[in-house]
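Engineer: Structure incoming, see below.
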Amino acid sequence: MTWTVRTCLFFIGFAWVGTQTQPASGMENSFDLESGYLVSVLFDRGHISRNGLYVTLKDRLQLHSNSETGSTWSAEAAVRGFAGEWLRLPSASAVADLPQGQWALRTSGREAELNIRALALEHNAANWNLRLGYQQVAWGETFGFFIADVVNPRDLRDPLFVEMDFIRVPVAAANLKAFWGNFRVQAVATPVPRTNIMPPRGSPFDFVPRELGSIPVVDAPRYSWNRLGRDAEGGGRISYLFFEKVDVAALYYYHWNRTPVYEFGLADNAPALIEVQTRVQSVGTSFTYALDSVVFRGDALAHIGQPLQPQGMEPALRRTEYQAIVGMDYSSENEWVIGGQYHYDRFAGNQYHWVSGRIQKRLFNGKFEPEVFVFQGVGNDDCWIQPKFAWHVDAHITLNVRADLLWASTDRSSGVLAPFRGKSRALAWIQATF
Amino acid sequence: MTTQKTITPRAQSRRTWLRVFAMMALPMTLWFISARPAQAAEPSAEDILRKADDVRNPAENYFLRVKVTSSNTSDISEFEVFIRGKDKTVVKTVQPARDKGRNMLMVNENMWAYVPNLKRSVRVSLNQRLVGQTANGDISRMRWSGDYAVQIEGQNDKEWTLLLKATKKGLTYEQLRVWVEKGSFHPVRAEYLSSAGKVLKRASFRAYKELCGRVRPSEIAIHDAVKKDDHSVIQVLLMEVKTAPDSMFYPDNLQ
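Put into structure tokens, the structure is as follows:
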């Protein structure tokens with residue numbers, strides 16, 4: 001292949017979703033099971049980089065406690081497991097020839113991973129609800145980059161994989177929401193935070209330059225229950241639907257930095273790259289407004305105390321960084337969705353501008369769903385084209401094909417995609433659901 | 001001197017007619033007065049529409065489980081619909097399995113859709129299609145009164161023909177023509193019209209049966225007005241008077 005695809009990830013999943021809903025008197029249980037097989041191929045080396053079986057189990061039990069107000073209690077638990085190399089693939093042996101730790105996503109033997117995706121108890125009352133336990137909290141209204149999604153850390157082992165349900169790291173939090181007419185208020189507290197899951201050294205998406213490969217890296221400390229509350233994160237959001245049309249929200253969250261930054265320091269009296277962990281305050285606003293077939297949306301945030309990646313030996317500076325995305329999308333009656341966004345970032349004293357567009361159309365009675373997302377720098381060289389195609393073979397089987405084609409420079413006209421330069425990839429996902 | 005009044009034959013005739021008129025006026029007036037209550041019993045267009053709504057909606061707050069089949073796909077879609085009052089609806093997708101979790105919330109003329117792979121509610125416009133010929137509004141907006149100004153366009157012995165014009169922006173259909181059966185107030189059929197009056201879709205309300213203590217339509221068949229073979233059938237599998245908590249009808253709680 002001549003095009004600049006350096007890596008290719010094949011995500012071949014066979015998912016089986018079983019659902020049992022047993023409405024009994026005041027009790028409902030719903031159970032989902034999804035199982036699949038994941039294979040990643042790096043095109044530039046022709047190696048299998050990931051090869052394993054995954055299983056996601058989810059159960060939700062709901063109890064109706066009061067038939068007049070409709071209040072309910074519910075418990076939700078979801079886990080996702082991954083177990084490597086159940087299938088011997090032709091090029092699997094080539095992986096072993098790679099230097100140790102070369103690729104983060106490669107499997108070494110039957111590596112296993114188990115993630116709690118949800119473990120929460122929830123009470124829904126007439127005009128408030130409280131959710132306690134491991135959960136995801138989604139904020140923000142725009143697409144492509146989820147700048148207002150600050151409550152959960154992220155799994156950054158594949159930062160271009162933007163299916164947020166996969167990459168948000170669930171946190172043990174208390175999440176209280178209250179509602180009065182058009183007014184909504186939400187408070188979130190995470191007494192023991194979690195950190196981003198970082199790509200291992202040498203992986204395609206490792207944030208540490210390969211030239212610094214010999215220097216040890218000290219990961220951010222993991223927070224423990226022994227320090228309950230002392231490392232806590234917290235904040236909230238208030239929203240109001242003005243004139244029954246314009247939904248405006250203001251948000252604040254006090255958290256540890258989500259952007260990975262490393263600075264030089266000493267670890268065991270030896271030079272090391274230390275992952276910076278510092279407090280950041282994110283303050284922002286979101287809005288949506290629907291006018292017939294057009295929806296306007298926007299997010300704007302200031303991150304106060306955001307650490308900046310130093311270019312040399314100096315410590316990381318803390319600055320206030322700004323991000324904003326505004327856009328609109330139009331839905332036609334013949335099922336076209338056309339959207340456009342303007343993105344603005346101000347970091348490290350520089351201002352960056354981008355535009356993005358999204359076109360989506362359902363074809364042949366919804367059997368085919370092609371979509372293209374284009375993100376183009378204005379005054380910088382960033383370019384990200386993400387074509388997607390979903391083919392619903394029948395009610396159970398869907399074939400998804402996707403590519404992330406990236407162009408970026410590392411010189412003065414670089415943008416935010418510079419770390420991903422040359423990491424274009426294609427992705428295919430077969431999903432079967434029952 | 002006395003003056004004798006002479007009565008001309010013409011005046012005599014006038015008096016006779018006045019007597020006849022007075023004799024008839026009394027019973028006519030009485031008949032007219034007695035007839036007025038009968039005229040008042042003739043329901044207004046608004047009453048007809050409200051009663052037709054009552055046929056389709058058992059209570060302010062209720063729950064529906066519906067199945068949607070379409071001519072252009074072998075897929076069967078199933079939805080759970082929670083209706084609260086006149087303007088709040090949550091639609092949860094149960095089938096097909098691949099779309100499970102794609103829930104929708106409608107509050108007045110605002111709509112949000114839940115995107116499972118983002119785990120986030122996204123504001124969307126109302127005219128997005130649910131499946132086949134079925135628009136979101138076909139199952140999430142079950143009441144016409146309040147949304148439409150109505151007038152009686154015509155009637156015969158069996159039915160009223162109502163013309164409904166949207167009083168709000170953003171509704172799924174700008175105009176509707178609805179035929180309502182006299183006596184039972186059962187909606188029989190409808191035409192969904194563009195603002196210019198062009199027929200977009202035709203619907204028939206059928207398979208009337210006992211649901212929630214009253215005879216109600218258990219199927220709505222919707223046909224495309226141009227592509228006659230394109231049609232969808234919404235079948236009510238279950239209807240229960242059930243109150244979902246108000247907190248469920250907010251985009252933050254759509255998952």
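Line by line, the protein sequences give chains A and B. Residue numbers for the first sequence follow the working numbering, so the first one is 1 and each next one is one higher. Residue numbers for the second sequence follow the working numbering, so the first one is 1 and each next one is one higher. C-beta atoms are modelled at their ideal positions from N, C-alpha and C, and glycine is treated no differently.
Taking only the alpha-carbon atoms, compute the straight-line gap between A:Pro191 and B:Asp138 and give it to the nearest angstrom.
Structural biologist: Those two C-alpha atoms are separated by around 45 Å.
Engineer: At a CB-CB cut-off below 9 Å, which residues of chain B make contact with A:Thr69?
Structural biologist: Residues of chain B passing the Cβ test: Thr243, Pro245, Asp246.
Engineer: Can you pull the chain A residues whose beta carbon is under 8 Å from the beta carbon of B:Thr73, in chain order?
Structural biologist: Simply Asn365, Gly366, Lys367.
Engineer: In chain order, what residues of the same chain lie with their CB nearer than 6 Å to the CB of A:Tyr298, ignoring the 5 residues before and after it?
Structural biologist: The question names Tyr, but residue 298 of chain A in the sequence shown is Gly. Result list for A:Gly298: Phe287, Val326, in chain order.
Engineer: How far does the beta strand (DSSP E) with B:Lys92 in it extend, from its first residue to its last?
Structural biologist: It spans 88-95 - the beta strand (DSSP E) in which B:Lys92 sits, taken as one unbroken run.
Engineer: Give me the Cβ distance between A:Pro307 and A:Asn257, rounded to the nearest whole Å; I'm assuming they're in contact under 8 Å.
Structural biologist: The Cβ separation is near 5 Å, so the contact holds.
Engineer: I'd like to know whether the C-beta of A:Arg227 is nearer than 9 Å to at least one C-beta of chain B.
Structural biologist: Closer than 9 Å: no.
Engineer: Report all residues from its chain with a CB closer than 6 Å to the CB of A:Glu113; omit the five preceding and five following residues, and keep chain order.
Structural biologist: If we look at A:Glu113 and ignore the five residues flanking it on each side, its Cβ neighbours are Phe82.
Engineer: Between the C-alpha atoms of A:Trp354 and A:Val137, what's the straight-line distance to the nearest angstrom?
Structural biologist: Cα to Cα, A:Trp354 sits roughly 27 Å from A:Val137.
Engineer: Can you look up B:Lys158 in the DSSP assignment and give me helix, strand or coil?
Structural biologist: Coil, per DSSP.
Engineer: Measuring alpha carbon to alpha carbon, tell me which of B:Glu60, B:Arg177, B:Phe79 ends up nearest B:Leu238.
Structural biologist: Nearest of B:Glu60, B:Arg177, B:Phe79 to B:Leu238, Cα basis: B:Phe79.
Engineer: At the 9 Å Cβ level, is A:Asp158 part of the contact set with chain B, yes or no?
Structural biologist: Judged by the 9 Å Cβ criterion, A:Asp158 is not in contact with chain B.
Engineer: Give a yes or no on whether the minimum CB-CB distance between B:Pro96 and chain A is below 9 Å.
Structural biologist: By this cut-off, B:Pro96 is an interface position.
Engineer: Could you tell me whether the Cβ atoms of B:Ser145 and B:Glu46 are closer together than 9 Å?
Structural biologist: A contact, by the Cβ cut-off of 9 Å.
Engineer: May I ask you to report which of helix, strand or coil DSSP gives A:Lys245?
Structural biologist: In this structure, A:Lys245 counts as coil in the three-state DSSP scheme.
Engineer: Taking contact to mean at least 3 C-beta pairs separated by less than 8 Å, is the region 161-177 of chain A in contact with the region 342-356 of chain A?
Structural biologist: They do not touch, by the three-pair rule.
Engineer: Determine the contact status of A:Glu263 and A:Glu314, defining contact as a CB-CB distance below 9 Å.
Structural biologist: Yes, the pair counts as a contact, with Cβ atoms nearer than the cut-off.
Engineer: Note the first and the last residue of the continuous beta strand (DSSP E) segment covering A:Met164.
Structural biologist: A:Met164 -> not in any beta strand (DSSP E); alpha helix (DSSP H) instead, spanning 164-167.
Engineer: Which residue wins for smallest C-alpha separation from A:Leu405, given the options A:Arg412, A:Gly415, A:Asp382, A:Phe296?
Structural biologist: Nearest C-alpha to A:Leu405: A:Asp382.
Engineer: Can you list, in chain order, the residues of the region 112-136 of chain A whose Cβ is nearer than 7 Å to any Cβ on chain B?
Structural biologist: Listed by position, the residues of the region 112-136 of chain A near chain B (Cβ gap below 7 Å) are Asn124, Ala125, Ala126, Asn127, Trp128, Asn129, Gln136.
Engineer: What are the complete alpha helix (DSSP H) segments, minimum 4 residues, inside the region 198-224 of chain B?
Structural biologist: Fully enclosed alpha helix (DSSP H) runs of 4 or longer: not present.
Engineer: For the region 92-102 of chain B against the region 140-148 of chain A, are there 3 or more C-beta pairs whose distance is under 8 Å?
Structural biologist: Taking 8 Å as the limit for Cβ pairs, the verdict is that the region 140-148 of chain A does not touch the region 92-102 of chain B.
Engineer: Which residue's Cα is closest to the Cα of B:Pro116: A:Gly265, A:Ala118, A:Glu163, A:Ala125?
Structural biologist: Looking at the Cα atoms, A:Glu163 is the closest of the given residues.
Engineer: Does A:Ala435 get closer than 9 Å to chain B when you measure Cβ to Cβ?
Structural biologist: Given that chain A is displayed from residue 1 to residue 434, the structure contains no residue 435 of chain A and the question cannot be resolved.
Engineer: Within the 9 Å Cβ cut-off, does B:Ile76 reach chain A?
Structural biologist: Interface residue, yes.
Engineer: Going by alpha carbons, who is nearest to B:Val241 out of B:Tyr62, B:Arg50, B:Lys158?
Structural biologist: Checked all of B:Tyr62, B:Arg50, B:Lys158; the closest Cα to B:Val241 is B:Tyr62.
Engineer: Under 9 Å, do A:Gly133 and A:Ala120 count as touching if we go by C-beta distance?
Structural biologist: Cβ distance < 9 Å, so A:Gly133 and A:Ala120 count as in contact.
Engineer: Identify each residue in the region 45-72 of chain B for which the Cβ-Cβ distance to at least one residue of chain C is less than 7 Å, and report them in chain order.
Structural biologist: Looking for chain C here will not work: the only protein chains present are A and B.
Engineer: So B:Gly170 contacts chain A; which residues on that side make the cut at Cβ distance below 8 Å?
Structural biologist: Correct list: Ala290, Asp292.
Engineer: Taking the beta strand (DSSP E) that B:Val55 belongs to, which residues open and close that run?
Structural biologist: No beta strand (DSSP E) contains B:Val55, which is instead part of the alpha helix (DSSP H) from 45-56.
Engineer: What residues in the region 184-212 of chain A have a beta carbon less than 7 Å from any beta carbon of chain B?
Structural biologist: Within the region 184-212 of chain A, the residues whose Cβ lies closer than 7 Å to some Cβ of chain B are Arg184, Gln186, listed in chain order.
Engineer: Can you list the residues of chain A that B:Lys119 reaches, using a CB-CB cut of under 8 Å?
Structural biologist: What B:Lys119 touches in chain A: Gln136, Ala138, Met164, Asp165, Arg168.
Engineer: Counting C-beta neighbours from all protein chains within 10 Å, is the total for B:Ser195 16 or more, i.e. buried, or is it exposed?
Structural biologist: The residue is exposed, with fewer than 16 neighbouring Cβ atoms inside 10 Å.
Engineer: At the 9 Å Cβ level, is A:Val280 part of the contact set with chain B, yes or no?
Structural biologist: Not closer than 9 Å to any Cβ of chain B, the Cβ of A:Val280 fails to qualify, so no.
Engineer: Would you say the region 104-120 of chain B touches the region 263-272 of chain A, given that touching needs at least three Cβ pairs under 8 Å?
Structural biologist: No, the region 104-120 of chain B does not touch the region 263-272 of chain A.
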